[in-house]
Amino acid sequence: MAEKVIFHIDVNSAYLSWEAVYALQQGASVDLRDIPAVIGGNEKKRNGIVLAKSIPAKKYNIKTGETLFSARLKCPQLVVAPPRYNLYMQCSEAMGNLLSKYSPLIQFFSIDELFLDYTNMDKHFGTPLQAAEKIREEIKNTLGFTVNIGIGSNKLLAKMASEFEKPDKVHTLFPEEIPKKMWPLAVGELFMVGSKTAEKLQSKNIHSIGELAQTDPQFLYGFLKSHGLLVWNYANGKEDSPVRNEGVLMKGLGNSTTISFDLLDLEDSFKVLLALTETVCTRLRRSELHATVISVSLKNSSFVSYSHQGTLPHATNCTKIVFEKAKELFVKAWKGEPIRHMGIHLTKLIESDFHQLSLFEPDPFPYKTLDKAVDDIRLRYGNTSIVRSSFLHSGFSPQQGGVIREDDYPMMSSIL
DNA sequence: TCTGGGGTCCTAGGACCC
DNA sequence: TCTGGGGTCCTAGGACCC
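If you read the first sequence in the UniProt record's numbering, its first letter stands for residue 1, the second for the next number, and so on.
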């Protein structure tokens with residue numbers, strides 16, 4: 001069997017680039033990519049963090065994930081723009097559309113990253129390197145943002161290659177190039193080696209990806225279990241999952257939020273819990289799924305997290321049923337201490353078609369009709385058009401977590 | 001570093017069954 | 001009541017990714 005050729009395409013500073021392109025199209029005079037700028041949450045709120053940064057911002061040692069407060073200390077003239085997820089989804093989709101003519105096999109890995117299978121496509125667009133250069137240029141010229149493209153014989157090598165020098169670059173990482181291009185890198189640079197694993201490896205005197213590759217996998221298994229075998233395979237460039245363009249079935253979904261002040265009592269906690277339940281159940285219904293397991297997670301003011309989960313007798317997507325269970329779980333989990341962060345997650349999902357009504361359960365039909373009516377009204381008139389009365393004058397948002405519905409952003413009209 | 005929000009997968013321990 | 005072993009499911013927590 002011929003060797004596969006996989007591309008990994010990664011948008012450079014995605015949110016910031018997309019924001020910059022949109023601003024320029026709207027007549028802005030400065031390009032956010034040319035000045036110290038970041039995309040981040042609300043700077044006034046305690047939970048605002050840096051989601052994306054420009055290269056000039058990087059020169060001030062500003063890091064993704066740090067607080068806006070701390071970023072501002074490093075660079076007082078920093079420009080902070082709020083995120084606009086709808087815009088980013090449109091940009092991502094435009095890129096997917098452009099790429100679909102290069103290969104029928106495309107798999108989104110996140111909003112700003114995707115894999116493309118270029119195996120046996122040489123006769124259409126040239127060698128892999130030629131095709132990648134062509135794609136890089138076309139995205140830049142028609143969509144206005146730059147990408148890095150990594151080329152390899154599997155998804156892992158392609159992904160590692162796209163991380164090399166940035167921005168606006170094409171790199172290869174074929175098996176014969178591994179010792180020279182990948183092995184000298186610090187072990188923490190390897191995909192799936194995060195801070196905890198890197199720390200454990202370093203404590204065993206394994207510092208580079210090459211050293212990891214040369215280590216006895218059984219030794220790794222001893223202290224990292226199956227994850228040790230995974231990263232050993234990756235360090236040796238071994239990975240063989242296919243590029244799949246069919247969406248995999250969702251395993252679970254959840255919403256969580258950091259509250260701008262600590263929750264102290266049951267009444268306020270239940271309001272936030274209800275708001276999160278509304279959001280997550282709306283998403284569940286939109287996906288035409290039912291959930292069996294509900295999990296409520298809490299984080300106290302010392303950043304200690306804990307959770308409780310429970311199983312429903314029957315899968316549901318009904319806000320009221322989920323909320324009743326969530327309240328029960330919250331009461332079980334809560335240690336009576338101030339709460340900074342709350343989340344609700346739904347798992348063990350089944351498709352709505354398989355849902356069976358039980359003769360012995362309360363008829364969910366009235367709730368179903370109510371949920372559907374509320375969904376429809378909110379879809380048509382906006383999220384705030386219909387609100388539970390307990391939220392009126394409460395100081396709490398009736399929906400929490402998730403992406404707030406926004407207007408469409410008219411841009412790149414020739415593509416969209 | 002006063003530390004978001006969306007996911008996936010794995011593991012350990014306990015319950016429960018044969 | 002104590003002993004054993006294997007299998008599965010559930011739960012809580014932790015690691016990783018973007």
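Beta carbons: idealized from backbone N, C-alpha and C, even for Gly. In this text the structure is predicted, and so the values were computed from the model without any measurement.
CA nearest to the CA of residue i, picked from the options
i           : options                        : result
Gly247      : Leu105, Gln90, Ser70, Gly27    : Leu105
Tyr102      : Ile9, Phe191, Gly41            : Ile9
Thr316      : Asp31, Gln218, Leu329, Glu351  : Glu351
Pro56       : Glu177, Ser13, Lys325          : Ser13
Leu99       : Phe7, Val187, Ser162, Asn86    : Phe7
Val79       : Gly41, Gln107, Val187          : Gly41
Gln218      : Phe323, Glu43, Val231, Ser54   : Val231
Phe261      : Val50, Trp18, Arg46, Ser54     : Arg46
Glu163      : Met182, Phe145, Glu176, Ser153 : Met182
Phe330      : Ile62, Phe270, Tyr118, Ser241  : Phe270
Asp371      : Gly395, Leu349, Arg285         : Arg285
Leu289      : Thr347, Lys299, Ser295, Arg378 : Thr347
Asn86       : Glu19, Lys134, Gly210          : Glu19
Ser297      : Gly310, Ser287, Ala291         : Gly310
Arg136      : Phe108, Pro167, Leu156, Asp117 : Pro167
residue 417 : Leu349, Ile62, Cys75, Leu116   : Any property of residue 417 remains undetermined from this structure, which presents the chain solely from 1 to 416.
Leu392      : Gly144, Asp268, Asp216         : Asp268
Nearest-angstrom Cα separation, counted from residue j out to residue i
i           : j      : result
Gln77       : Tyr15  : 20 Å
Glu337      : Leu263 : 9 Å
Lys169      : Arg244 : 25 Å
Val293      : Val280 : 13 Å
Lys225      : His308 : 26 Å
Gly121      : Ala81  : One point to set straight first is that residue 121 is Met, not Gly, in the sequence displayed. If I take the Cα positions, the gap works out to 40 Å.
Leu73       : Tyr60  : 10 Å
Glu93       : Asp265 : 43 Å
Leu359      : Leu253 : Residue placement at Leu359 is flagged as unreliable, the pLDDT there being 47, under the threshold of 50; the coordinate-derived value follows with that caveat. For Leu359 and Leu253, the distance between alpha carbons rounds to 28 Å.
His355      : Cys318 : Caution applies to His355, whose pLDDT of 49 falls short of 50 and renders its modelled position unreliable; the model cannot decide the point.
Gln399      : Leu274 : 8 Å
Ala373      : Asn383 : 13 Å
Arg283      : Pro184 : 44 Å
residue 442 : Tyr88  : Since the first residue of the chain shown is 1 and the last is 416, residue 442 is not available in this structure.
Glu278      : Ile321 : 11 Å
Val193      : Val387 : 44 Å
Phe191      : Thr64  : 17 Å
Gln214      : Met160 : 19 Å
His341      : Ser301 : 8 Å
Ala198      : Lys204 : 10 Å
Ser208      : Leu201 : 9 Å
Lys332      : Val272 : 17 Å
Ser54       : Ala158 : 24 Å
Ser29       : Thr146 : 19 Å
Gln107      : Thr119 : 14 Å
Glu43       : Asn255 : 21 Å
Asp375      : Leu24  : 36 Å
Glu3        : Leu156 : 14 Å
Lys299      : Thr142 : 45 Å
Ser389      : Ile39  : 35 Å
Gly401      : Lys123 : 47 Å
Ala291      : Tyr306 : 21 Å
Asn236      : Asp117 : 21 Å
Thr67       : Tyr234 : 32 Å
Pro366      : Glu133 : 57 Å
For residue j and residue i, believed in contact at Cβ under 8 Å, the rounded distance
i      : j      : result
Gly96  : Leu114 : 7 Å
Ile139 : Thr172 : Contact doesn't hold; Cβ gap of about 18 Å is too wide.
Glu239 : Asn154 : 5 Å
Leu32  : Pro83  : Not quite, the Cβ-Cβ distance comes to about 13 Å (not below 8 Å), so this is no contact.
Leu276 : Thr257 : 7 Å
Pro179 : Gly210 : 7 Å
Ser287 : His345 : Actually they are not in contact, since the Cβ atoms of Ser287 and His345 sit about 14 Å apart, beyond 8 Å.
Start-to-end residues for the beta strand (DSSP E) that takes in residue i
i      : result
Ile344 : 339 to 351
Lys53  : 50 to 53
Ile149 : 147 to 152
Ser256 : 252 to 263
Asp117 : 113 to 117
Thr316 : 305 to 316
Phe7   : 6 to 11
Ala2   : Element bounds for Ala2: n/a, residue is neither H nor E.
For residue i, the first and last residue of its enclosing alpha helix (DSSP H)
i      : result
Tyr15  : 14 to 25
Ile35  : First-last for Ile35: undefined, no H or E at that position.
Val231 : 226 to 235
Asn97  : 85 to 99
Asp122 : 122 to 125
Phe323 : 319 to 333
Thr142 : 128 to 143
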